[in-house]
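Peer 1: Residue numbers (our numbering), protein chains in the order written: chain A, 9 to 211; chain B, 15 to 298.
So that we are looking at the same thing, I have put the structure below in structure tokens.
Below, the structure is given as structure tokens:
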């Protein structure tokens, strides 16, 4: 894997019509396709790099097992199959976060989930503050329409919430967090569902 | 009693009972400001009658200077939790926004969703939002230069030649790739963006951003097609819906530049997420 297609796509979109958005529609579609091809190629490169970094040295006689990493390029329309499905089959979701800047960052990241009882831990198994926010009807409508338009598929399951949790990532480095289903009895460890207030009527 | 307060850290936003933003308060640096927000649209020039130049991809040329206000009463939903507070507002059937205040952060994040812009009345529309304060900015504002240094802009004025103002709105619009700010003797209002938009300060104390456009005529300036983006499912097409974010902060004068530099880089270099699975407690 390499980033040649991404380099080509970025070179082409330096054209003044692409920068200003004054290109013809079919040209805009061509730019978008080239960027998408470049992104998919770069995603493979990142996945293989992360697999290499997360691999532990196998003891003698054991097979080296590479971990498969996925990204969510359509997270902007709240479509992220790894986070939506991982918790439904009893597995935990590992989120690896890379910081491309030269200073430590403390931010909140967002992933769509279907489960309303989840817990988030850092790599030292410390519980992390997390908050669930219901996906609005407008967001779900947008997601459904654009997934059909871009991917030609109708996703079977709809996520119910955004899971927001705070992360700390070192400069030019990465952190990992584990999202898992919380035990029914383990109320203290699960994420907090947002309280909702509406100003309409007399509420 | 008649306002809704949002925010858990030092930054608080106050909304009126009608659901409109009214005040910005930062208890750490003692900034308190009247702050309002509205959405409007400019109607595109259709290039008929006596004026043959239509609004198009290249040409921003609002039909007169009429700004059509959004609906008066806005429904407001607030979500509160340990990390952030969110304010959901449906401005009209095709404009909505979510304002987020993160605990520990001193800026407001506004996520707008606009579209499909209706054009079945045959009129092109260019959608803008205005952030209004009481700051006395004396016709002056600052916009980035293609993501780099902020350059001083003065309304209806150019340093290098005598400007004849034919387009009081478009003639004062600038491209915004990183952000725009205004300041007076005590405070500065900074707005950073996550995407290229148009922007200006057409009224003292106000910042305006153009967020989405859908037009119905070609401007005959070379592109040869109408700026009318659509997205199709099973050969049924509708106007493009866009979603983006801008970030707002008010600082004592002279203290906003650090945030504009660091936050600007963080917006254009977001954290990269990669996902994998593990069995129960089989720690990787």
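We put the beta carbon where it would ideally sit given N, CA and C, even for glycine.
From B:140, B:120, B:240 and B:193, pick the residue whose C-alpha is nearest to that of residue 260 of chain B; which is it?
Peer 2: Ranking the options by Cα distance to residue 260 of chain B, first place goes to B:193.
Peer 1: Between the C-alpha atoms of residue 289 of chain B and residue 57 of chain A, what's the straight-line distance to the nearest angstrom?
Peer 2: Using only the alpha carbons, I get a separation of about 13 Å.
Peer 1: What first and last residue would you give for the beta strand (DSSP E) that runs through residue 112 of chain B?
Peer 2: 109-116 is the extent of the beta strand (DSSP E) around residue 112 of chain B.
Peer 1: Leaving aside the five residues before and after residue 82 of chain B along the sequence, list all residues of the same chain whose C-beta is less than 8 Å from its C-beta, in chain order.
Peer 2: Only weak support is given to the placement of residue 82 of chain B: the predicted model assigns it a pLDDT of 48, under 50, and the value that follows is read from those uncertain coordinates. Cβ within range, chain order: 54, 55 and 57.
Peer 1: Between residue 57 of chain A and chain B, is there a C-beta pair that is closer than 7 Å?
Peer 2: Not one chain B Cβ lies under 7 Å of residue 57 of chain A.
Peer 1: What residues are listed by DSSP as bridge partners for residue 144 of chain B?
Peer 2: BP columns for residue 144 of chain B point to B:52 and B:222.
Peer 1: Please list the residues of the region 94-123 of chain B that have a C-beta atom closer than 7 Å to any C-beta atom in chain A, keeping them in chain order.
Peer 2: Within the region 94-123 of chain B, the qualifying residues are 94, 95, 96, 97, 98, 100, 102, 110 and 116.
Peer 1: Is it buried or exposed, residue 68 of chain B, if we count other Cβ atoms within 10 angstroms and call 16 or more buried?
Peer 2: Buried.
Peer 1: Can you name, in chain order, every residue of its own chain whose Cβ lies under 6 Å from the Cβ of residue 252 of chain B, other than the five neighbours on each side?
Peer 2: Contacts found: 130.
Peer 1: Compare the C-alpha of residue 203 of chain A against each of B:102, B:77 and B:48 and name the closest.
Peer 2: Nearest C-alpha to residue 203 of chain A: B:102.
Peer 1: Go ahead and pull the three-state DSSP assignment for residue 199 of chain B.
Peer 2: DSSP places residue 199 of chain B in coil when its eight states are reduced to three.
Peer 1: Quick one: grab the DSSP three-state call for residue 175 of chain B.
Peer 2: Looking at residue 175 of chain B - three-state DSSP - the assignment turns out to be coil, as it is neither helix nor strand.
Peer 1: Are any of the Cβ atoms in chain B nearer than 7 Å to that of residue 157 of chain A?
Peer 2: For residue 157 of chain A, the answer is yes, since a Cβ of chain B falls inside 7 Å of its Cβ.
Peer 1: Step through the CB atoms of chain A and report whether any lies within less than 7 Å of the CB of residue 147 of chain B.
Peer 2: False, the Cβ-Cβ gap to chain A never drops below 7 Å.
Peer 1: Taking only three categories from DSSP, how would you classify residue 102 of chain B?
Peer 2: Strand at residue 102 of chain B.
Peer 1: My output table needs one value for residue 20 of chain A: the three-state DSSP class, helix, strand or coil.
Peer 2: Correct three-state label for residue 20 of chain A: helix.
Peer 1: Measure the alpha-carbon distance for residue 108 of chain A versus residue 208 of chain B and round it to whole angstroms.
Peer 2: Going from the Cα of residue 108 of chain A to the Cα of residue 208 of chain B covers about 17 Å.
Peer 1: Considering only the beta carbon of each residue, do residue 201 of chain A and residue 140 of chain A sit closer than 7 Å?
Peer 2: Taking 7 Å as the Cβ cut-off, residue 201 of chain A and residue 140 of chain A qualify as a contacting pair.
Peer 1: Assuming residue 187 of chain A and residue 83 of chain A make a contact with CB atoms under 8 Å, what is their CB distance in whole Å?
Peer 2: About 15 Å; that fails the 8 Å criterion.
Peer 1: What does the alpha-carbon distance come out to for the pair residue 127 of chain A and residue 81 of chain A?
Peer 2: If I take the Cα positions, the gap works out to 24 Å.
Peer 1: Could you give the DSSP three-state label for residue 56 of chain A: helix, strand or coil?
Peer 2: Helix, per DSSP.
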